[in-house]
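K.L.:
Residue numbers (the numbering used here): 34 to 538. Positions of the beta carbon are idealized from the N, C-alpha and C atoms, including for glycine. The structure's right below; bear with me while I get my questions together.
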Amino acid sequence: MSPADTSLPAAPPAVVGAFIAGAPQPPGPVRLPVVYPATAAQVSELAESDAAEVDRAVTAARAVFDAGDWPRMGVAARQRMLMACHDIVLAHSGELAHLECLNLGVSLAELKTRHMHRAAYNFRFFAEVIGQTAGEVYDQTDGYRSIVVREPVGVAALIAPWNAPTALASMKVAAALAFGNTAVLKPSEQTPLALARFVELLHEAGLPPGVLNLVNGRGPVTGAALVAHAGVDLISFTGGTETGRAIMAEAGRRLKPCTMELGGKSANIVFASADYDRALDAALASIFSNNGQQCLAGSRILVEKPIADRFIADFLARAQRIRIGDPMAPGTELGPLASAAHRDRVLRYADVARGEGLEILTGGGAPAGLPDPLAGGFFVEPTVALATSNAARVCQEEIFGPFATFLAFDGYEDAIAKANGTDFGLVSYLWSDHLPTVERAVRDLRSGVVWVNTTMTRELRAPFGGYKDSGVGREGGAACRDFYTEPKTVTIPAMPITPRRFGAG
Ligand code: NAD
Numbered sequence: 034m035s036p037a038d039t040s041l042p043a044a045p046p047a048v049v050g051a052f053i054a055g056a057p058q059p060p061g062p063v064r065l066p067v068v069y070p071a072t073a074a075q076v077s078e079l080a081e082s083d084a085a086e087v088d089r090a091v092t093a094a095r096a097v098f099d100a101g102d103w104p105r106m107g108v109a110a111r112q113r114m115l116m117a118c119h120d121i122v123l124a125h126s127g128e129l130a131h132l133e134c135l136n137l138g139v140s141l142a143e144l145k146t147r148h149m150h151r152a153a154y155n156f157r158f159f160a161e162v163i164g165q166t167a168g169e170v171y172d173q174t175d176g177y178r179s180i181v182v183r184e185p186v187g188v189a190a191l192i193a194p195w196n197a198p199t200a201l202a203s204m205k206v207a208a209a210l211a212f213g214n215t216a217v218l219k220p221s222e223q224t225p226l227a228l229a230r231f232v233e234l235l236h237e238a239g240l241p242p243g244v245l246n247l248v249n250g251r252g253p254v255t256g257a258a259l260v261a262h263a264g265v266d267l268i269s270f271t272g273g274t275e276t277g278r279a280i281m282a283e284a285g286r287r288l289k290p291c292t293m294e295l296g297g298k299s300a301n302i303v304f305a306s307a308d309y310d311r312a313l314d315a316a317l318a319s320i321f322s323n324n325g326q327q328c329l330a331g332s333r334i335l336v337e338k339p340i341a342d343r344f345i346a347d348f349l350a351r352a353q354r355i356r357i358g359d360p361m362a363p364g365t366e367l368g369p370l371a372s373a374a375h376r377d378r379v380l381r382y383a384d385v386a387r388g389e390g391l392e393i394l395t396g397g398g399a400p401a402g403l404p405d406p407l408a409g410g411f412f413v414e415p416t417v418a419l420a421t422s423n424a425a426r427v428c429q430e431e432i433f434g435p436f437a438t439f440l441a442f443d444g445y446e447d448a449i450a451k452a453n454g455t456d457f458g459l460v461s462y463l464w465s466d467h468l469p470t471v472e473r474a475v476r477d478l479r480s481g482v483v484w485v486n487t488t489m490t491r492e493l494r495a496p497f498g499g500y501k502d503s504g505v506g507r508e509g510g511a512a513c514r515d516f517y518t519e520p521k522t523v524t525i526p527a528m529p530i531t532p533r534r535f536g537a538g
């Protein structure tokens, strides 16, 4: 039985710094504001980790990996620890959600019930995976048996984005630790609050010092020092495609394996044969969930011509009724974007679209009439653009906000050409009740995931990741086993062998 959530809303700490070898670190002199996006009020301060602090974090992880218990621990003991992590995260899901909301602005209800429950579940999931993961035996070569054992790789650098900080970072932490690695986690500099408490909580649950270490700071400072550190053996990164390119280039210099979960511009393809009402609900949910800030957002909605006018009109009517406002208030459907700079970037895409001659069907600005103090927040109206060509920038570039682009298509071939006509390939959504169309499209779509007649449904056992510029490698049960372990082949003859006798005459 999991404990009930008894946690209270937490006041954020005045300063968030690093946590190394089981202890919070004295905050350094370089400080960055941590801001509540719904009001623009500063709620905390981040103390940035410099290269020296990153070095201390890697050294702590290295020491446990090279000589400590964690990588050498039996599976049952590690499972018990992972389950204790599950329990404590679940028990504090309300507190964690509150902290996350304070620097992200996604609705509190969504953070608590989806993000934090998922964060807890990640530990339970990987505890179960390691209980079922076994080596391999090859005995086809006469007189020999070769066994393949899996060993942890080493010190993992885990670099996380701001859009779902704890849900995404906890997957990396749980997977890396479950397979016996040690780790240094670097959250996004915009969203350090919940993850700092999360790391503390795992230690309260009994995680030994040095197994998981936390550094905080900007990508080019703290992140770059972590990626370049010779004591890091592997890198798991989730974030933007250009950042991923830079990290992988640096990692290549030292041959560090990487997984890259990157951006998307996912097609949501609605055939005339779709269940219309469900497809409409799902189209809205796929772009407006998480305030539109999702790598897997269905941001390019491709609708078959016979139903396009009606579908777009119905979508617009619903988009205009979305309840925008306080992310802490029950019933809010769309909160603010995570930062002022990101809000400005998203709004610029409305100008980009207009500049290319596209029509903005609704939105494209800040919502009017929000009461103080929300009037100062980073809100963007649900925005819908109508494109006539897939070459439009709003069809090609990741906007990462509550911004949907519609494009009508004419038959199957046109749908697939448009869906695949992007540098990205993270997920595709497919709506049709015509089985041959579904079967054919599942084969033809160039993306790492195809969701058929459903919104986002993450199957953790299955690989998740992108084709093309959306990523390299996968996360998921077996995929994480492959990434976070080194296979070691041990070959033993059944009977004493007679080697060739060099020099024996
Ligand atoms: P980002 O690339 O700006 O930053 C991600 C992380 O990388 C942050 O922690 C940042 O500090 C760090 N970073 C930046 N530069 C670095 C450098 N040179 N060296 C090391 N670390 C560095 O991304 P973001 O704006 O935080 O997140 C949004 C992006 O993440 C979107 O493109 C979104 O699609 C993507 N994303 C992908 C997935 C997925 O599973 N594919 C999931 C969520 C988000």
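Tell me which same chain residues have a C-beta within less than 7 Å of the C-beta of A202, skipping the five on either side of it?
P.N.:
For this step, residue 202 is matched to residue 169 along the sequence shown. These residues qualify, in order along the chain: L191, A193, L218, P220, L228.
K.L.:
Measuring CA to CA, which of G510, V460, D314, V49 is closest to L493?
P.N.:
Along the sequence shown, read from residue 1 onward, the residue named residue 493 stands at position 460. The candidate whose alpha carbon is nearest that of L493 is G510.
K.L.:
With respect to 7 Å, is the separation between the Cβ of L115 and the closest non-hydrogen atom of the ligand NAD below this value?
P.N.:
Here residue 115 is taken as the residue at index 82 of the sequence shown, counted from 1. Incorrect: L115 has no Cβ contact closer than 7 Å to the ligand NAD.
K.L.:
Look up L419 in the DSSP assignment and say whether it is helix, strand or coil.
P.N.:
By one-based count along the sequence shown, residue 419 stands at place 386. If DSSP states are grouped into helix, strand and coil, L419 belongs with the strands.
K.L.:
Are the beta-carbon atoms belonging to E508 and M204 less than 8 Å from one another?
P.N.:
Taking the first residue of the sequence shown as 1, we reach residue 508 at position 475. Taking the first residue of the sequence shown as 1, we reach residue 204 at position 171. Going by C-beta atoms, E508 is nearer than 8 Å to M204.
K.L.:
Should C291 be counted as a contact of the ligand NAD given a C-beta to heavy atom distance under 7 Å?
P.N.:
Residue 291 sits at position 258 when you count from the first residue of the sequence shown. No, the ligand NAD has no heavy atom inside 7 Å of this Cβ.
K.L.:
For Y309, which three-state DSSP category applies?
P.N.:
Position 276 of the sequence shown, counting from 1, holds the residue named residue 309. Three-state result, Y309: helix.
K.L.:
Just curious, the alpha helix (DSSP H) that V475 is in, first and last residue?
P.N.:
Within the sequence shown, the letter at position 442 stands for residue 475. Note, V475: alpha helix (DSSP H), 468-477.
K.L.:
Here's the rule: buried if 16 or more other CB atoms are within 10 angstroms of the residue's CB, otherwise exposed. What is P46?
P.N.:
Residue mapping note: residue 46 aligns to position 13 of the sequence shown, counting from 1. P46 should be labelled buried.
K.L.:
When you compare only the Cα positions, how much space is there between M34 and R376?
P.N.:
Here residue 34 refers to the residue found at position 1 when the sequence shown is read from its first residue. Here residue 376 refers to the residue found at position 343 when the sequence shown is read from its first residue. Any reading at M34 needs caution, since the residue's pLDDT is 45, under 50, leaving its predicted position unreliable; the model's value is listed next. Approximately 42 Å between the Cα atoms of the pair.
K.L.:
Does the Cβ-Cβ distance between N249 and E81 come in under 8 Å?
P.N.:
By 1-based counting over the sequence shown, the position of residue 249 is 216. By 1-based counting over the sequence shown, the position of residue 81 is 48. A contact, by the Cβ cut-off of 8 Å.
K.L.:
Determine contact between the region 353-373 and the region 129-144, defined as no fewer than three beta-carbon pairs at a distance below 8 Å.
P.N.:
Contact annotation: the region 353-373 touches the region 129-144, with at least three C-beta pairs closer than 8 Å.
K.L.:
Does G176 pass the burial test, meaning 16 or more other C-beta atoms within 10 Å, or should it be called exposed?
P.N.:
For the purposes of this step, residue 176 is taken as the residue at position 143 of the sequence shown. Residue burial is scored here from C-beta neighbours: G176 has fewer than 16 other C-beta atoms within 10 angstroms and is therefore classed as exposed.
K.L.:
Where does C328 fall in DSSP's three states?
P.N.:
The residue you call residue 328 lines up with position 295 of the sequence shown. It is coil, neither helix nor strand.
K.L.:
Can you look up F439 in the DSSP assignment and give me helix, strand or coil?
P.N.:
Position 406 of the sequence shown, counted from the first residue, corresponds to residue 439. Strand at F439.
K.L.:
Taking only the alpha-carbon atoms, compute the straight-line gap between G368 and D102 and give it to the nearest angstrom.
P.N.:
Your numbering for residue 368 matches position 335 in the sequence shown. Your numbering for residue 102 matches position 69 in the sequence shown. Using only the alpha carbons, I get a separation of about 44 Å.
K.L.:
Tell me the rounded alpha-carbon separation between F411 and F321.
P.N.:
In the sequence shown, counting from the first residue as 1, residue 411 sits at position 378. In the sequence shown, counting from the first residue as 1, residue 321 sits at position 288. Cα-Cα distance, rounded: 15 Å.
K.L.:
What is the C-beta distance between G409 and A73, in whole angstroms, given that I count them as a contact (C-beta under 8 Å)?
P.N.:
Against the sequence shown, residue 409 aligns to sequence position 376. Against the sequence shown, residue 73 aligns to sequence position 40. Between A73 and G409 the Cβ distance is about 4 Å, and since that is below 8 Å, they are a contact.
K.L.:
I need the straight-line Cα distance from V87 to V265, nearest angstrom please.
P.N.:
Position 54 of the sequence shown holds residue 87. Position 232 of the sequence shown holds residue 265. Spanning the two alpha carbons is a distance of roughly 11 Å.
K.L.:
Per DSSP, what are the beta-bridge partners of Q75 in this structure?
P.N.:
On the sequence shown, residue 75 is found 42 positions in, with the first residue counted as 1. Answer is V68, bridged to Q75.
K.L.:
Residues in its own chain within less than 6 Å of I163 by CB, not counting five upstream and five downstream?
P.N.:
Working through the sequence shown from its first residue, we reach residue 163 at position 130. Cβ within range, chain order: V108, A211.
K.L.:
Looking at F436 and T421, is the spacing between their C-beta atoms short of 8 Å?
P.N.:
One-based indexing of the sequence shown puts residue 421 at position 388. One-based indexing of the sequence shown puts residue 436 at position 403. It is not a contact, given that the beta carbons lie outside the stated cut-off.
K.L.:
May I ask you to report which of helix, strand or coil DSSP gives A495?
P.N.:
Locating residue 495 in the sequence shown gives position 462, where the first residue counts as 1. Note: A495 maps to coil in three-state DSSP.
K.L.:
Considering M293, what are the terminal residues of the beta strand (DSSP E) in which it resides?
P.N.:
Your numbering for residue 293 matches position 260 in the sequence shown. For M293, the uninterrupted beta strand (DSSP E) run begins and ends at 291-294, by DSSP.
K.L.:
Can we say the region 301-314 touches the region 324-344, given the rule of at least three CB pairs closer than 8 Å?
P.N.:
yes
K.L.:
Measuring alpha carbon to alpha carbon, tell me which residue in P526, R533, T531, R89 is nearest Q173.
P.N.:
In the sequence shown, counting from the first residue as 1, residue 173 sits at position 140. The shortest C-alpha separation from Q173 is found at P526.
K.L.:
Thinking just about the alpha-carbon of each residue, which of Q223, C118, I530 is nearest to the one in Y69?
P.N.:
As a first step, residue 69 is located in the sequence shown; it is residue number 36 there, counting from the start. Here the closest residue by C-alpha is Q223.
K.L.:
Rounded to whole angstroms, what is the Cα-Cα separation between I121 and L403?
P.N.:
As a working mapping, residue 121 is identified with position 88 in the sequence shown. As a working mapping, residue 403 is identified with position 370 in the sequence shown. Cα-Cα distance, rounded: 37 Å.
K.L.:
In angstroms with no decimal places, state the Cα-to-Cα distance between R491 and S179.
P.N.:
For the purposes of this step, residue 491 is taken as the residue at position 458 of the sequence shown. For the purposes of this step, residue 179 is taken as the residue at position 146 of the sequence shown. Taking the straight line from one Cα to the other gives about 36 Å.
K.L.:
Alpha carbon to alpha carbon, what distance is there between L259 and K289?
P.N.:
Taking the first residue of the sequence shown as 1, we reach residue 289 at position 256. Taking the first residue of the sequence shown as 1, we reach residue 259 at position 226. Rounded to whole angstroms, K289 to L259 spans 12 Å at the Cα level.
K.L.:
So the candidates are L129, P198, N246, F231; which of them puts its Cα closest to the Cα of L55?
P.N.:
Numbered from its first residue, the sequence shown carries residue 55 at position 22. Before going on, a small fix: residue 55 reads as Gly here, not Leu. When each option's Cα is compared against that of G55, the closest is N246.
K.L.:
Is any non-hydrogen atom of the ligand NAD found closer than 7 Å to the C-beta of T271, if you look at the structure I gave you?
P.N.:
Translated into the one-based positions of the sequence shown, residue 271 becomes position 238. Yes, the Cβ of T271 comes within 7 Å of a heavy atom of the ligand NAD.
K.L.:
Within 7 Å: the Cβ of I449 and any heavy atom of the ligand NAD?
P.N.:
Here residue 449 corresponds to residue number 416 of the sequence shown, with the count starting at 1. Every heavy atom of the ligand NAD is 7 Å or more from the Cβ of I449, so no.
K.L.:
Grab the span of the beta strand (DSSP E) containing S179 for me, first residue to last.
P.N.:
For the purposes of this step, residue 179 is taken as the residue at position 146 of the sequence shown. Element bounds for S179: 177-185.
K.L.:
Do R479 and G458 have their C-beta atoms within less than 8 Å of each other?
P.N.:
In the sequence shown, counting from the first residue as 1, residue 479 sits at position 446. In the sequence shown, counting from the first residue as 1, residue 458 sits at position 425. Their beta carbons are under 8 Å apart, which means R479 touches G458 by this criterion.
K.L.:
Please confirm whether any heavy atom of the ligand NAD lies closer than 7 Å to the CB of T276.
P.N.:
Counted from its first residue, the sequence shown places residue 276 at position 243. Because some heavy atom of the ligand NAD lies under 7 Å away, the Cβ of T276 counts as near it: yes.
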